[in-house]
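In the numbering used here, the protein residues as written are 68 to 333.
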């Protein structure tokens with residue numbers, strides 16, 4: 068039974084370690100989200116987000132000065148086309164309900180930025196929508212397909228899910244070697260870089276005191292947490308199993324001793 072005791076001890080250590088890692092990771096994300104909110108303060112201009120103007124009624128020209136591109140900045144040569152990795156669905160809002168307007172099918176080739184000289188992103192277009200008051204939704208001009216000849220400024224805005232744009236941002240990075248190299252040099256993963264790309268406006272608005280976007284807060288729970296939770300329960304099951312085996316062994320030894328003592332007394 069020495070082996071079973073060792074198994075129980077190791078399983079208990081593994082269960083404790085998995086639970087500690089899980090709680091630590093969730094706790095760090097929760098703390099960072101709270102910190103984002105608590106450290107934000109509005110600027111003195113009483114702009115539209117601060118006045119809680121509905122995003123579909125906003126005049127975004129008020130914010131254009133925040134997105135002036137520096138033409139002297141180094142250009143990053145990119146492929147400005149991407150094949151959509153998911154269906155992109157665009158919605159209008161009526162009576163606080165999202166109504167599907169149209170979708171661009173998965174696999175469609177679209178322009179994700181206006182040119183192949185990448186300075187930053189096109190504010191309000193494609194993956195770079197404006198934040199809304201509701202987490203998980205953006206307000207953006209739809210992607211232009213590669214067979215269209217349309218002026219971006221003439222395209223109306225629609226609501227679109229943040230998750231769909233996050234997936235598209237990852238595909239953009241994956242298909243652009245120069246972008247991947249730039250991201251790697253900054254120590255970012257593709258997932259983290261995609262998060263930054265889709266929330267480009269959010270970071271600027273946060274720094275300028277315009278708006279604290281709910282999309283800046285990362286999910287407290289992730290799929291990796293399920294792995295740690297599974298390992299915790301697996302280790303816990305091993306602890307329970309080994310404890311039962313040890314208890315059964317102890318009872319068996321106890322009964323054998325009782326039988327031996329009864330035989331001796333006779």
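We put the beta carbon where it would ideally sit given N, CA and C, even for glycine.
Go through its chain and collect everything with a Cβ distance to residue 229's Cβ below 6 angstroms, but skip five positions before and after it.
Excluding positions up to five away in sequence, the list reads 203, 205 and 282.
Is the shortest distance between the beta-carbon of residue 238 and the beta-carbons of chain D less than 8 angstroms?
In the structure shown, chain D cannot be found, because there is only a single protein chain.
Which first and last residues belong to the alpha helix (DSSP H) in which residue 71 is found?
Segment 69–105, the alpha helix (DSSP H) holding residue 71.
CB residue 172 to CB residue 238, shorter than 8 angstroms?
No, the Cβ-Cβ distance between residue 172 and residue 238 is not below 8 angstroms.
Give the straight-line distance between the Cα atoms of residue 194 and residue 297, rounded to the nearest whole angstrom.
Using only the alpha carbons, I get a separation of about 34 angstroms.
For residue 161, write down the residues that DSSP places opposite it in a beta bridge.
Answer by DSSP bridge pairing, in chain order: 164.
Please classify residue 139 as buried or exposed, where buried requires at least 16 neighbouring CB atoms within 10 angstroms.
For residue 139, the predicted model reports a pLDDT of 45, less than 50, meaning its position is unreliable; a value from the coordinates is still stated below. So residue 139 ends up on the exposed side.
Of all the alpha helix (DSSP H) runs that stay within the bounds of the region 262–292, which reach a length of 4 or more residues?
The region 262–292 contains these whole alpha helix (DSSP H) runs: 267–274.
Pick helix, strand or coil for residue 224, following the three-state DSSP scheme.
If DSSP states are grouped into helix, strand and coil, residue 224 belongs with coil.
Does DSSP put residue 257 in a helix, in a strand, or in coil?
In this structure, residue 257 counts as helix in the three-state DSSP scheme.
Going by C-alpha to C-alpha distance, which of 217, 292, 291 and 275 sits closest to residue 114?
It is 275 whose Cα lies nearest to the Cα of residue 114.
Would you report the Cα separation of residue 231 and residue 80, rounded to the nearest angstrom?
Rounded to the nearest angstrom, the two C-alpha atoms are 40 angstroms apart.
Out of curiosity, what's the CA-to-CA distance linking residue 318 and residue 308?
The alpha-carbon atoms of residue 318 and residue 308 are separated by roughly 15 angstroms.
When the Cα of residue 166 is compared with those of 225, 78 and 299, which residue comes out closest?
Closest by alpha carbon: 225.
Would the beta-carbon of residue 119 fall within 8 angstroms of that of residue 306?
Not in contact: residue 119 and residue 306 (Cβ atoms no closer than 8 angstroms).
Give the DSSP-derived three-state secondary structure of residue 130 in the structure shown.
Looking at residue 130 - three-state DSSP - the assignment turns out to be helix.
Answer with buried or exposed for residue 110, where buried requires no fewer than 16 other C-beta atoms within 10 angstroms of its C-beta.
The residue in question, residue 110, is exposed, as its Cβ has fewer than 16 Cβ neighbours within 10 Å.
Could you pull out every residue in the same chain whose Cβ sits closer than 7 angstroms to the Cβ of residue 258, ignoring the five residues on either side in sequence?
Contacts found: 237.
Could you give the DSSP three-state label for residue 170: helix, strand or coil?
If DSSP states are grouped into helix, strand and coil, residue 170 belongs with the strands.
Within a Cβ cutoff of 8 angstroms, which residues of the same chain sit near residue 222, ignoring the five residues on either side of it in sequence?
Here the set comprises 192, 208, 209 and 211.
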